[in-house]
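J.: Numbering (the working numbering), first residue to last: 13 to 576.
Just so you know, even glycine gets a beta-carbon here, dropped at the ideal spot from N, CA and C.
Quantities reported herein were computed from a predicted structural model and do not represent experimental measurements.
Structure provided below as structure tokens; questions to follow.
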Amino acid sequence: MPTEPDTHYDPTLGNKFIFVTGGVMSGLGKGITAASTGRLLKNAGFDVTAVKIDPYLNVDAGTMNPYQHGEVYVLKDGGEVDLDLGNYERFLDIDMTSDHNITTGKTYQHVIEKERAGDYLGKTVQIIPHVTDDIKRRIREAADGTDVCIVEVGGTVGDIEGMPYLEALRQFAHEEDEDDILFAHVTLVPYSKNGEQKTKPTQHSVKEVRSIGLQPDVIVGRCEDRLDPETKEKIALFCDIPTEAVFSNPDVEDVYHVPLMVEDEGLDQYVLEHFGLDDEALPEGERTNEWREIVTTEKDGAVDIALVGKYDLEDAYMSIHESLKHAGFELGVDVNVHWVHADGMADEYDDQLEDVDGIIVPGGFGMRGTEGKIRAVQYARENDVPFLGLCLGFQMAVVEYARNVLGLEDAHSAEMEEDTPHPVIDILPEQYEVEDMGGTMRLGEHTTVIEPETLAYDLYGDTSCSERHRHRYEVNPEYFDQFEDEPLVFSGTAGNRMEILELEDHPYFVGTQFHPEYKSRPGQPSPPFVGLVAAVLDQRDYEPETVTETTTDSETDAETEVSH
């Protein structure tokens, strides 16, 4: 159970559950608050997992537009989920599965299938008890085998979509021992024009929670600064909790500093005492300090990386941003990410890229922006700029090379140009008969075989890697012969599928059909991202610190259409 046997944790104590709700407005960072608390509990020696509840009717996040919902994060089992699960994996250093993401679509689909099969023996199927029972079942199954399970309810209290989940949690608390359950409510504490921290939004939010039958044990106030002592006392008084159960979560420079803030506030210790686990935890002096050491590493300079994509929303490329940050931790430099809109690249790409140190072309779907991405690839190849192409970026690197080096005029992907005379990228054979869009791509973790004596081998330090995928298109096998004996080498394969490409006699030119950003974590950075930043430093004649060999898994991006 616990990660450290010295905790002497008694398994008969059973699972502990932290239910995290949010009020006033969405996007407050309750997921980061929850993940940070979990990180500290893990440091104290406990096995921690998480469940993200998304009340939308979609079965999963796979068909959602990144403009609306941010990136679609891909799990090792192929689950397409909310980006918050990426934060849980990165903070808790665990691999999650589709069972850790509960959606209304998934729950209702299961209940209706059981009704159609006659499993309810003629009973009237209702929200209570059938839907709420299914929600409770899913939470318990996801928590099985761990010490603490953190359950985050998406959206805000009062949303009609979230009502069945809050009712399920009310029932859940009624069914479990009181000291096995903790309700944490995250709210906004804004400033008035005269600089006063206002508690009224928190009061109204907690009133809404209590009207449902839930009483917060802990309130976390999101504010620009720490909560004043008077503010904490006022929240405690009007929300009927002890003053010591009110915690600050102020804005910080980096989300990876939130665990340090939570620890400084004492939230983790309060949770341990509430659960009666303080005597079971590792003594404070024996708890791992690795997280603090990693995220507070002194930086020596900065590098500038252009991200050439079509979704002008940072959350659409969250895992890429985080992977670059992890590479910066590893090499001791800050990584500045510069957004370059692919739509505007077609004619003036030189001006937009001439001041950056490296270029990333990420994944995506649909025709829009592809010509700009191809231009970015060409610029990186011809000007010796370190380059990393991910999924669609990998495919566009193949298209660019076919057009401008092999002389295959009008070469393209069949996804973008169905009538192209040279479909160097074509649909996967198993996708020919697929009609449904949701959950039907080549998804999840697959093994890539890596050729020895290649850059890919140097990056991974092995003849194979296991990475996460999300695509319908691949390099067309009919064109393999035309790439033979070329400086562009396919150094990673999965059977007849090309997975990694690299360009000889270039400072760093790498493309991956998979998405390595999904397995990158602080202290375990993605090898292709470390390689990119290291190549930039090499070009500057820096002496970067020794890069530790790590392994990765990944997959990214989405829109509401087909897939690459």
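Please name the residue, chosen from Gln227, Gly233, Arg222, that lies closest to Thr214 on a Cα-to-Cα basis.
T.: Ranking the options by Cα distance to Thr214, first place goes to Gly233.
J.: What residue from Gly288, Pro374, Val283 has the CA that sits closest to Lys322's CA?
T.: With distances taken between Cα atoms, Lys322 lies closest to Pro374.
J.: Restricting to Cα atoms, I'd like to know which of Leu500, Glu164, Glu188 is closest to Val198.
T.: The residue with the shortest Cα to Cα distance from Val198 is Glu164.
J.: Strictly by DSSP, which residues pair up with Val123?
T.: The partner list for Val123 (beta bridge, DSSP) is empty, contrary to what the question assumes.
J.: Quick one: give me the first and last residue of the beta strand (DSSP E) that Ser503 is part of.
T.: 500-506 is the span of the beta strand (DSSP E), which, as asked, contains Ser503.
J.: With a threshold of 8 Å, are at least 3 pairs of Cβ atoms found where one atom belongs to the region 105-125 and the other to the region 186-193?
T.: Too few Cβ pairs lie closer than 8 Å, so no.
J.: Note down the Cα distance separating Gln536 from Gly340, rounded to an integer number of angstroms.
T.: Straight-line Cα distance between these residues: approximately 12 Å.
J.: Could you compute how far the alpha carbon of Glu555 sits from the alpha carbon of Leu549?
T.: Caution is warranted here: a pLDDT of 48 is assigned to Glu555, below 50, making its placement in the model unreliable, and no coordinate value can be reported.
J.: Relative to the C-alpha of Gly356, which candidate in Arg380, Asn348, Lys337, Leu343 has its C-alpha closest?
T.: Nearest C-alpha to Gly356: Arg380.
J.: To the nearest angstrom, how far is the alpha carbon of Phe377 from that of Glu292?
T.: Looking at the two C-alpha atoms, the distance is approximately 49 Å.
J.: Could you give the distance in angstroms between the alpha-carbon of Thr558 and the alpha-carbon of His286?
T.: The predicted model places Thr558 with a pLDDT of 46, which falls under 50 and marks its position as unreliable; any figure quoted below should be read in that light. Thr558 and His286: Cα-Cα distance of roughly 43 Å.
J.: When you compare the region 106-116 with the region 87-96, are there three or more beta-carbon pairs, one atom per stretch, that lie closer than 8 Å?
T.: In short, these stretches touch, since the Cβ pair count reaches three.
J.: Grab me the residues of Ile437's own chain with a C-beta within less than 8 Å of its C-beta, minus the 5 sequence neighbours each way, in chain order.
T.: Only Gln407, Val410, Val411, His424, Ser425, Ala426, Glu427, Tyr485, Glu486, Val487, Asn488, His576 meet the Cβ criterion.
J.: Exposed or buried, Ser30, counting other C-beta atoms within 10 Å across all chains shown (16 or more means buried)?
T.: According to the sequence shown, residue 30 is Ile rather than Ser. Buried, since its Cβ has 16 or more Cβ neighbours within 10 Å.
J.: If contacts are defined as beta-carbon pairs under 8 Å, then Leu365 and Tyr391 qualify, I think. What distance do you get, rounded to the angstrom?
T.: That belief holds up - the Cβ atoms of Leu365 and Tyr391 are roughly 5 Å apart, short of 8 Å.
J.: Once the 5 residues before and after Val71 are set aside, which same chain residues still bring their CB inside 7 Å of it?
T.: Answer for Val71: Thr115, Gly117, Lys118, Gln121, Gly450, listed in chain order.
J.: Please confirm whether any heavy atom of the ligand FMN lies closer than 7 Å to the CB of Ile193.
T.: This structure does not include the ligand FMN; it has no bound ligands of any sort.
J.: Need the endpoints of the alpha helix (DSSP H) that Thr432 sits in, please.
T.: Counting along the chain, Thr432 falls outside any alpha helix (DSSP H), and DSSP gives it neither H nor E.
J.: Check whether the Cβ atoms of Asp159 and Lys28 lie closer than 8 Å to each other.
T.: Result yes, Cβ atoms of Asp159 and Lys28 sit closer than 8 Å.
J.: Can you tell which of Val36, Asp156, Glu334, Asp96 has its C-alpha closest to the C-alpha of Thr168?
T.: Looking at the Cα atoms, Val36 is the closest of the given residues.
J.: If you draw a straight line from the C-alpha of Val264 to the C-alpha of Thr45, how long is it?
T.: Cα-Cα distance, rounded: 12 Å.
J.: Pull up the CB-CB distance for Thr61 and Ala154, whole angstroms please, since I reckon it's below 8 Å.
T.: Rounded, the Cβ-Cβ distance is 7 Å, consistent with contact.
J.: Return helix, strand or coil for Leu95, following the three-state DSSP convention.
T.: Coil, per DSSP.
J.: Using a Cβ distance threshold of 8 Å, determine whether the region 246-257 contacts the region 211-226, with at least three qualifying pairs required.
T.: Yes, the region 246-257 is in contact with the region 211-226.
J.: Under the three-state reduction of DSSP, which class applies to Ala129: helix, strand or coil?
T.: In the structure shown, Ala129 sits in coil (DSSP, three-state: anything other than H, G, I, E or B).
J.: Can you give me the C-alpha to C-alpha distance between Val345 and Tyr268, rounded to a whole angstrom?
T.: Rounded to whole angstroms, Val345 to Tyr268 spans 16 Å at the Cα level.
J.: For Gln551, which option in Glu529, Pro519, Val270, Gly278 has the closest C-alpha, if you only look at C-alpha atoms?
T.: Closest option to Gln551, Cα to Cα, is Pro519.
J.: Classify Ala546 as buried or exposed, calling it buried when 16 or more other Cβ atoms lie within 10 Å of its own Cβ.
T.: That one is buried.
J.: Measure the C-alpha to C-alpha separation of Asp290 and Leu95 and round it to an integer number of angstroms.
T.: Computed Cα separation, rounded: 32 Å.
J.: Can you name the start and end residues of the beta strand (DSSP E) that Leu200 belongs to?
T.: First-last of the beta strand (DSSP E) with Leu200: 193-200.
J.: Measuring CB to CB, does Gly401 end up less than 8 Å from Ala354?
T.: The answer is no: Cβ separation not under 8 Å.
J.: Quick check: the Cα distance between Glu511 and Met453, rounded to an integer number of angstroms?
T.: About 16 Å.
J.: Can you grab the Cα-Cα spacing for the pair Ser476 / Tyr177, in whole Å?
T.: Looking at the two C-alpha atoms, the distance is approximately 42 Å.
J.: Pull up the distance between the alpha-carbon of Tyr21 and that of Glu296, whole angstroms please.
T.: At Tyr21, the pLDDT of 47 sits below 50, so the modelled position is not reliable and the matter cannot be decided from this model.
J.: Tell me the residue span of the beta strand (DSSP E) that contains Asn348.
T.: Start and end: 346-353.
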